[in-house]
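In this note's numbering, the protein residues as written are 1233 to 1780.
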């Protein structure tokens, strides 16, 4: 949806207050544009921007911008922007100004650094068994396998690979293939979140891989270089190629066992529910409860966000204040007049208006709960009324479209043309419903036509078409939530520590916050109770008032 507004020019004239401690307010010229009236522009709210010129004690001025969302008139579609300027005197210290920092670059660097480090370590460990089997054949150890003190027959026997050795090579190839699939499934998948702290179990697995790779290479080099020397000096049997292939297979087995441990710690350990968490969203107070396993605090926050985007309804900030009807707005704008019948006190008209406003507010405060009750009841009635009209209009519009299977029929329409032809018949009812439920920022005319064309193409019913507008859940239904989302995690504990009973943390994004409280599930003691079959007998007792 597009918004058109005309901003008035800022006045260059501002006067400082003569008296200290008293704020003087000057109004500027405000202009309001008229709604353009073009089809397809649906704006759900009005915006007021206050530009406040603040003069410090040293004479330097700063400008503070305040944005306020105002309820929209039910009769207008356009977005009206009002700009008012107020000049006030405040003391602001320039030393308290903190420039906003951009953490996007650091998060991206952290994400890519961890991925590159894990990739290099996994690749080095994966290709190490293969290299151990190939290096002797490629002549990388000439001082060992091409030693001049060895005769030709001994050199051939050291590098010879018989049938048993070839079987070991096939075993090594198979295990390396399984290890490649395991590494791809566990370590090379796309991460769902960038967390502020390290993932402890993943780091432990990578550390074990690093230690194993270093240890096996160390013993491999020692085994290859010193075995020939000992064989020449002591006359012992030298390590042949079959021994090196068996050594590489043992290294591959070690990597597979480390992978099994990583799967247990990273993927299986948290499957058993140990806690239940209660998630409360502020400011609307919607809540959900889930059973959760043993996670760290930062991983639990990622798990909570996945549930939030799939289970919670879309938060609509424009419904914080209930939209009022024309009669309710007229009642709120009623003026009160007070007359001084005695005439004993001379009051100015300004003082009389202030007294009238204070008295009116006092009466409204006494009956605020009643007004709130009737406002909510009236709003629910209006929503149900607009909903019924929308369903009726959609059903009538869908009756004008019929799928044609005959290719020879002329004057046929494709799904886009059919959607554009029936949209005007339901546009007004849909417009009013979206306006009263404050959903217009999420649904443009183009998106509605695209959704209508999709429903016609797949033979969906009118209620299936209206499901997107009648049911405001989950959060991912909003297209704006499909991109990368940044949340701030607030907790008193270290984020890499596991969750515990009575643990509380908070996730914050702009004006929305999710407060998560963790509680331990109770221990269940189930005992067996045997019922005697002889006890399953009954006696019917009747009296004069019993009806049979």
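C-beta: ideal position from N, C-alpha, C; glycine also. Every value quoted in this text rests on a predicted model; they were computed, and no experiment measured them.
| Query | Result |
| --- | --- |
| Straight-line gap, residue 1504 to residue 1436 (C-alpha atoms, nearest Å) | 22 Å |
| Proximal residues to residue 1444 (C-beta, below 8 Å), its chain only, five neighbours per side dropped | 1357, 1483, 1486, 1487 and 1490 |
| Straight-line gap, residue 1397 to residue 1474 (C-alpha atoms, nearest Å) | 5 Å |
| Cβ-Cβ distance between residue 1658 and residue 1625 below 7 Å | yes |
| Residue 1493 in three-state terms, based on DSSP | helix |
| First and last residue of the uninterrupted alpha helix (DSSP H) at residue 1686 | 1677-1689 |
| 7 Å Cβ cutoff, residue 1630 in contact with chain C | Absent from the structure is chain C; it holds one protein chain and no more. |
| Residue from 1419, 1774, 1601 and 1353 with nearest C-alpha to residue 1441 | 1353 |
| Alpha-carbon to alpha-carbon, residue 1702 and residue 1614 | 14 Å |
| Proximity winner among 1432, 1478, 1538 and 1419, relative to residue 1717 (alpha-carbon distances) | 1538 |
| Proximity below 7 Å, CB of residue 1425 to CB of residue 1534 | yes |
| For residue 1617, the three-state DSSP class (helix, strand or coil) | helix |
| Neighbourhood of residue 1747 by C-beta distance below 6 Å, restricted to the same chain and skipping five residues each side | 1512 and 1738 |
| Short Cβ contact (7 Å threshold) for residue 1480 with residue 1365 | yes |
| Exposure label - residue 1726; buried when at least 16 CB within 10 Å | exposed |
| Cβ contact (3+ pairs, closer than 8 Å) linking the stretch 1754-1772 and the stretch 1517-1527 | no |
| Segment limits, alpha helix (DSSP H) that includes residue 1414 | 1395-1418 |
| Three-state class that DSSP yields for residue 1523 in the structure shown | strand |
| Cβ shell of residue 1627 (< 7 Å), same chain only, five flanking positions each side left out | 1694 |
| Alpha helix (DSSP H) segment containing residue 1720, residue limits | Not the alpha helix (DSSP H): residue 1720 falls in the beta strand (DSSP E), residues 1720-1723. |
| Inter-residue Cα distance where the pair is residue 1416 and residue 1347 | 13 Å |
| Spatial distance of residue 1678 from residue 1652 (CA atoms) | 10 Å |
| Exposure of residue 1736, with buried meaning 16 or more beta-carbon neighbours within 10 Å | exposed |
| Residue 1478, DSSP secondary structure in three states | helix |
| Alpha-carbon spacing of residue 1680 relative to residue 1418, whole angstroms | 41 Å |
| Buried versus exposed call for residue 1368 [16 or more other C-beta atoms within 10 Å across all chains shown] | buried |
| Delimiting residues of the alpha helix (DSSP H) encompassing residue 1542 | 1529-1543 |
| Cβ neighbours of residue 1749 in the same chain (closer than 6 Å, five flanking residues each side left out) | 1510 and 1736 |
| Run of the alpha helix (DSSP H) containing residue 1664, from where it starts to where it stops | 1647-1668 |
| Residue 1747 - partner residues in DSSP beta bridges | 1512 and 1738 |
| CB contact flag (residue 1704, residue 1542, <7 Å) | no |
| As assigned by DSSP and simplified to three states, the class of residue 1783 | Outside the displayed range of the chain (1233 to 1780) lies residue 1783, so it cannot be described from this structure. |
| Local Cβ density within 10 Å of residue 1662, reported as buried at 16 or more and exposed below that | buried |
| Strand pairing of residue 1765, partner residues [DSSP] | Looking at the DSSP assignment, residue 1765 forms no beta bridge with any residue, so it has no partner. |
| Proximity of residue 1529 and residue 1723 at Cβ, strictly below 7 Å | yes |
| Under 7 Å between C-beta atoms of residue 1508 and residue 1684 | no |
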